[in-house]
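**Q** Dumping the structure here so I can ask a few things about it.
2 protein chains.
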Amino acid sequence: MMADTLNDSNVAIFLAQRGTEEPEFTEPKQAVEDAGASVDVLGTETGEVETVNSDLEPGGSYEIEKTFSEVSSDDYDGLVVPGGTVGADTLRLDDDAVSFIREFAEATKPMGVICHGPWTLVEADVVEGRTLTSYPSLETDIRNAGGEWVDEEVVVDEGMVTSRNPDDLPAFCEKVIEEIDEGQH
Amino acid sequence: MMADTLNDSNVAIFLAQRGTEEPEFTEPKQAVEDAGASVDVLGTETGEVETVNSDLEPGGSYEIEKTFSEVSSDDYDGLVVPGGTVGADTLRLDDDAVSFIREFAEATKPMGVICHGPWTLVEADVVEGRTLTSYPSLETDIRNAGGEWVDEEVVVDEGMVTSRNPDDLPAFCEKVIEEIDEGQH
Chain Y
1 MMADTLNDSN
11 VAIFLAQRGT
21 EEPEFTEPKQ
31 AVEDAGASVD
41 VLGTETGEVE
51 TVNSDLEPGG
61 SYEIEKTFSE
71 VSSDDYDGLV
81 VPGGTVGADT
91 LRLDDDAVSF
101 IREFAEATKP
111 MGVICHGPWT
121 LVEADVVEGR
131 TLTSYPSLET
141 DIRNAGGEWV
151 DEEVVVDEGM
161 VTSRNPDDLP
171 AFCEKVIEEI
181 DEGQH
Chain G
186 MMADTLNDSN
196 VAIFLAQRGT
206 EEPEFTEPKQ
216 AVEDAGASVD
226 VLGTETGEVE
236 TVNSDLEPGG
246 SYEIEKTFSE
256 VSSDDYDGLV
266 VPGGTVGADT
276 LRLDDDAVSF
286 IREFAEATKP
296 MGVICHGPWT
306 LVEADVVEGR
316 TLTSYPSLET
326 DIRNAGGEWV
336 DEEVVVDEGM
346 VTSRNPDDLP
356 AFCEKVIEEI
366 DEGQH
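Protein sequences appear in the order of chains Y and G.
The first sequence lines up with residues 1 to 185 when you count with the numbering used here.
The second sequence lines up with residues 186 to 370 when you count with the numbering used here.
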């Protein structure tokens, strides 16, 4: 991967007020930055929040730089939604976060959504007819929302990149960069 | 409530390996015991596990007395499924736990399911045509599973008692005892 692949790209990464899975936030963020992208950390309220490891252990502290309500999805070329059971469950309750995702999906702009993150896709009602993966507990919710659920390390469907858990991060990050580099589908 | 209302009742309460919401486990357990019921704590593996408070703070330590795989739902007159985001997400991945719930629902035997607990009802595919409540983040998953979701302190539908969060516990516990006292519908 060239270091300047994403030089002209603005990427949004979501960070929940609590419960975001540490490596699913830090690793994709680092990967797209290393590829040259400019990254904004978006959340419900600006300020420092804490992540978790394995859902229940303390993670690190990171800054939410802009709120969902103050940005437009039009200003971004790529989107990353991390998991964490509590984190994804929290994000899906924010209407502005869900609208952002819906706009991205409807425009078939590149996004990476991992682990429990796909609950936000269910909430945005953009799963119908799409093939995706997730943490296994979401399989039924995704099928009930009209999606085709598969158990694979990484799945790409029209710019929508999904993976199952932190072990899938290397494959996930690679595909996310590839799709952002390709641009809107 | 008479102290001996549930004297002849055996009640099962589920406890996840991790992430069960402390008061949603302890309070219904105490309430049905105070009403005279005999209670078994069921889980995936026997032994001590820890609960959480507000999903991410440490709770207490409690013993799982019997495993889902070693019991039969026929031996119980009532069932309680606590929430906790991680706890309910963990329980829905245990096929024996899900079968237990399905058998209870199909027999219209009394059960109380609170907060994120109703994900287990979605997993058991017993939500279709039923009216229920839950933590608000589950609304879409419940509607997609064919349920009618309402925002009320406590909902009773053919013996299925549901509530939204720990604040609803007094109303929840009262209805759970009433329904177990009434018996199978």
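C-beta: ideal position from N, C-alpha, C; glycine also.
No experiment lies behind these values; they were computed from the predicted model shown.
1. I'd like to know if the segment 244-260 of chain G and the segment 108-119 of chain Y are in contact, where contact means that at least 3 CB-CB pairs between them fall below 8 Å.
2. Does the Cβ-Cβ distance between E212 of chain G and T236 of chain G come in under 8 Å?
3. Per DSSP, what kind of secondary structure is S257 of chain G in: helix, strand or coil?
4. Under a Cβ-count criterion, where at least 16 other Cβ atoms within 10 Å of its own Cβ denotes burial, should L108 of chain Y be classed as buried or exposed?
5. When you compare the CB of D326 of chain G with every CB in chain Y, is at least one pair closer than 8 Å?
6. Helix, strand or coil: how does DSSP classify G268 of chain G here?
7. So is T270 of chain G in contact with chain Y if we call contact Cβ pairs under 8 Å?
8. Can you find at least 3 beta carbon pairs, one from the segment 268-284 of chain G and one from the segment 326-342 of chain G, that sit closer than 8 Å?
9. Alpha carbon to alpha carbon, what distance is there between V176 of chain Y and V226 of chain G?
10. K251 of chain G by DSSP, collapsed to three states: which one?
11. Closer than 7 Å by C-beta to S257 of chain G: which residues in its own chain qualify, once you throw out the five before and the five after it? Chain order, please.
12. Going along the chain, which residues of the segment 236-250 of chain G sit with their C-beta nearer than 8 Å to a C-beta in chain Y?
13. Are the C-beta of E21 of chain Y and some C-beta of chain B separated by less than 8 Å?
14. For the segment 311-340 of chain G, enumerate the residues whose C-beta is nearer than 7 Å to any C-beta of chain Y, in chain order.
15. Any contact between the segment 165-174 of chain Y and the segment 189-201 of chain G? By contact I mean 3 or more CB pairs, one from each, below 8 Å.
16. Find the residues of chain Y that neighbour R203 of chain G, judging by a C-beta separation of less than 7 Å, and give them in chain order.
17. For D274 of chain G, would you say it is in contact with chain Y, using Cβ-to-Cβ distances shorter than 8 Å as the test?
18. Return the first residue and the last residue of the alpha helix (DSSP H) that R143 of chain Y is part of.
19. Leaving out five residues before and five after Y76 of chain Y in sequence, what residues of the same chain have Cβ atoms less than 6 Å from its Cβ?
20. Can you give me the Cβ contacts of V335 of chain G inside the same chain, cut-off strictly under 7 Å, excluding the 5 residues immediately before and after it?
21. Hey, how far is the Cα of Q369 of chain G from the Cα of E324 of chain G?
22. Between the alpha carbons of E182 of chain Y and F210 of chain G, how many angstroms are there, rounded?
23. How big is the Cα-Cα spacing for E308 of chain G and D219 of chain G?
**A** The relevant details are as follows:
1. At 8 Å Cβ cutoff, the stretches do not touch.
2. No, Cβ-Cβ distance for E212 of chain G and T236 of chain G is not below 8 Å.
3. S257 of chain G falls in the coil class under three-state DSSP.
4. Checking the displayed sequence, the identity of residue 108 of chain Y turns out to be Thr instead of Leu. Around the Cβ of T108 of chain Y, a 10 Å sphere holds fewer than 16 other Cβ atoms; the residue is exposed.
5. Closer than 8 Å to some Cβ of chain Y, the Cβ of D326 of chain G qualifies, so yes.
6. DSSP places G268 of chain G in the coil class of the three-state scheme, outside both helix and strand.
7. Yes, T270 of chain G counts as interfacial toward chain Y.
8. Contact annotation: the segment 268-284 of chain G does not touch the segment 326-342 of chain G, with fewer than three C-beta pairs closer than 8 Å.
9. About 44 Å.
10. In the structure shown, K251 of chain G sits in a strand (DSSP, three-state: E or B).
11. Taking S257 of chain G as the centre and dropping the five residues before and after it, the same chain places no C-beta closer than 7 Å to its C-beta.
12. Result list: V237, D240, L241.
13. Going by chain labels, chain B is absent from the structure shown, which instead holds the protein chains Y and G.
14. Close to chain Y, meaning a Cβ-Cβ distance shorter than 7 Å, are the following residues of the segment 311-340 of chain G: P321, S322, T325, D326, N329, A330.
15. As far as the Cβ criterion goes, the segment 165-174 of chain Y does not touch the segment 189-201 of chain G, which means the pair count is below three.
16. The answer, in chain order, is L56.
17. Yes, contact with chain Y.
18. In the DSSP assignment, R143 of chain Y falls within the unbroken alpha helix (DSSP H) covering 139-144.
19. So the list reads N10, A12, once near-sequence residues are dropped.
20. Taking C-beta separations shorter than 7 Å and ignoring five residues to either side along the sequence, the partners of V335 of chain G in its chain run T316, T318, following chain order.
21. Taking the straight line joining both Cα atoms gives about 27 Å.
22. The alpha-carbon atoms of E182 of chain Y and F210 of chain G are separated by roughly 49 Å.
23. Rounded to the nearest whole angstrom, the C-alpha separation of E308 of chain G and D219 of chain G is 31 Å.
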